[in-house]
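Participant:
Numbering (our numbering), first residue to last: 388 to 621.
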């Protein structure tokens with residue numbers, strides 16, 4: 388065998404080994420991806436079911452109307468992502484009116500950002516203060532992280548509190564949401580997602596926060612066990 392032939396044979400052997408290694412790596416990647424592919428979907432609600440689950444009487448407040456809320460962007464993507472959206476205004480004889488928005492998705496792919504108040508309020512002409520994360524007591528001994536901020540417009544000032552649940556987690560930022568989705572996917576689960584927003588029209592946040600906290604605790608207390616699980620625990 389000539390030197391040239393040996394060289395060609397060696398190169399062919401190296402090329403074959405390289406292809407085999409690349410093929411093995413791709414096969415391993417495909418196997419891992421298939422093994423980790425989400426196969427269980429957390430579907431809890433049918434369209435319209437949220438309306439009957441949330442009570443018309445919450446603590447000292449009673450349902451009055453569905454209009455007057457700052458709403459998420461009305462676009463085809465948002466409509467495709469959310470299977471149910473509830474909007475209500477509750478009034479009380481001795482407490483400020485409270486606005487409630489709940490946005491639910493049967494299958495959460497991390498796009499709950501569309502319904503985050505930090506997005507929809509500026510779209511409605513509001514200027515926001517810094518958002519703060521605080522512990523929210525929803526029942527004796529049970530707390531979840533919630534977000535608080537003020538939204539100001541020429542017409543009014545709204546004090547806002549909200550929380551999100553992705554699967555069994557309560558993320559407080561878009562990055563945390565994505566991480567929650569990834570962790571669920573690694574368990575072969577496509578998680579559902581929900582955003583609960585509670586707000587009131589008052590000039591200062593100091594007087595509004597106790598009202599928002601009281602309404603949130605009353606809301607969770609009035610719910611049946613499946614409703615509490617839907618809103619806060621997954």
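Every residue gets a Cβ at the ideal spot worked out from N, C-alpha and C, and that includes glycine. Since the structure is predicted, the reported quantities are computational estimates derived from the model, not experimental observations.
#1: Can you tell me the Cα-Cα spacing of residue 586 and residue 576, whole angstroms?
#2: Can you check whether the CB of residue 451 is closer than 9 Å to the CB of residue 475?
#3: Considering residue 592, what are the terminal residues of the alpha helix (DSSP H) in which it resides?
#4: For residue 551, does the count of other Cβ atoms within 10 angstroms reach 16, so buried, or fall short, so exposed?
#5: What is the rounded straight-line gap between the Cα of residue 504 and the Cα of residue 584?
#6: Within the segment 549-599, note down every full alpha helix (DSSP H) run reaching 4 residues or more, in order along the chain.
#7: Go to residue 612, then tell me how far its alpha helix (DSSP H) extends in each direction, as first and last residue.
#8: Which residue marks the beginning of the beta strand (DSSP E) containing residue 506, and which one marks its end?
#9: Suppose contacts are defined by Cβ-Cβ distances below 9 Å. Is residue 617 in contact with residue 440 by that definition?
#10: CB residue 494 to CB residue 579, shorter than 9 Å?
#11: My understanding is that residue 539 touches residue 514, with C-beta atoms under 8 Å, so please give their C-beta distance in whole angstroms.
#12: Give the secondary structure of residue 473 by DSSP, where H, G and I count as helix, E and B as strand, and everything else as coil.
#13: Quick check on DSSP: helix, strand or coil for residue 432?
#14: Check whether the Cβ atoms of residue 546 and residue 606 sit closer than 9 Å, and answer yes or no.
#15: DSSP beta-bridge partners for residue 447?
#16: Can you check which of these residues, 521, 448, 457, is closest to residue 472 by C-alpha distance?
#17: Which residue comes first and which comes last in the beta strand (DSSP E) that contains residue 485?
#18: Would residue 477 pass as a contact of residue 602 if the rule is Cβ separation under 9 Å?
#19: Can you name, in chain order, every residue of its own chain whose Cβ lies under 6 Å from the Cβ of residue 532, other than the five neighbours on each side?
#20: Return the bridge partner residues of residue 542 from the DSSP annotation.
Facilitator: According to the structure shown:
#1: Locating residue 586 in the chain shown gives position 199, where the first residue counts as 1. Locating residue 576 in the chain shown gives position 189, where the first residue counts as 1. So the two alpha carbons sit approximately 32 Å from each other.
#2: Locating residue 475 in the chain shown gives position 88, where the first residue counts as 1. Locating residue 451 in the chain shown gives position 64, where the first residue counts as 1. Closer than 9 Å, so yes.
#3: Working through the chain shown from its first residue, we reach residue 592 at position 205. Note, residue 592: alpha helix (DSSP H), 592-609.
#4: Here residue 551 is taken as the residue at index 164 of the chain shown, counted from 1. Residue 551 comes out buried.
#5: Residue 504 sits at position 117 when you count from the first residue of the chain shown. Residue 584 sits at position 197 when you count from the first residue of the chain shown. Distance between the alpha carbons of residue 504 and residue 584: 8 Å.
#6: 561-573
#7: Here residue 612 is taken as the residue at index 225 of the chain shown, counted from 1. Per DSSP, residue 612 belongs to the alpha helix (DSSP H) from 612-615.
#8: As a position in the chain shown, residue 506 is number 119, starting the count at 1. If you look at residue 506, you'll find it isn't in any beta strand (DSSP E); it sits in the alpha helix (DSSP H) that goes 504-510.
#9: For this step, residue 617 is matched to residue 230 along the chain shown. For this step, residue 440 is matched to residue 53 along the chain shown. Contact: yes.
#10: Numbered from its first residue, the chain shown carries residue 494 at position 107. Numbered from its first residue, the chain shown carries residue 579 at position 192. In contact: residue 494 and residue 579 (Cβ atoms closer than 9 Å).
#11: What you label residue 539 is simply residue 152 of the chain shown in a count that begins at 1. What you label residue 514 is simply residue 127 of the chain shown in a count that begins at 1. Correct: roughly 5 Å between the Cβ atoms.
#12: Along the chain shown, one-based indexing puts residue 473 at 86. Here residue 473 sits in strand by DSSP.
#13: Along the chain shown, one-based indexing puts residue 432 at 45. DSSP places residue 432 in coil when its eight states are reduced to three.
#14: The residue labelled residue 546 in the question sits at position 159 within the chain shown. The residue labelled residue 606 in the question sits at position 219 within the chain shown. Result no, Cβ atoms of residue 546 and residue 606 do not sit closer than 9 Å.
#15: Reading the chain shown from its first residue, position 60 is the one you call residue 447. In the DSSP output, where bridge partners are listed per residue, residue 447 has none listed.
#16: Your numbering for residue 472 matches position 85 in the chain shown. Closest option to residue 472, Cα to Cα, is 457.
#17: As a first step, residue 485 must be located in the chain shown, where it is residue number 98. Counting along the chain, the beta strand (DSSP E) containing residue 485 begins and ends at 485-492.
#18: One-based indexing of the chain shown puts residue 477 at position 90. One-based indexing of the chain shown puts residue 602 at position 215. Yes, the pair counts as a contact, with Cβ atoms nearer than the cut-off.
#19: Here residue 532 refers to the residue found at position 145 when the chain shown is read from its first residue. Closer than 6 Å at the Cβ level, and outside the excluded window around residue 532, lie 520, 557, 559.
#20: Looking up residue 542 in the chain shown gives position 155. DSSP lists no partner for residue 542.
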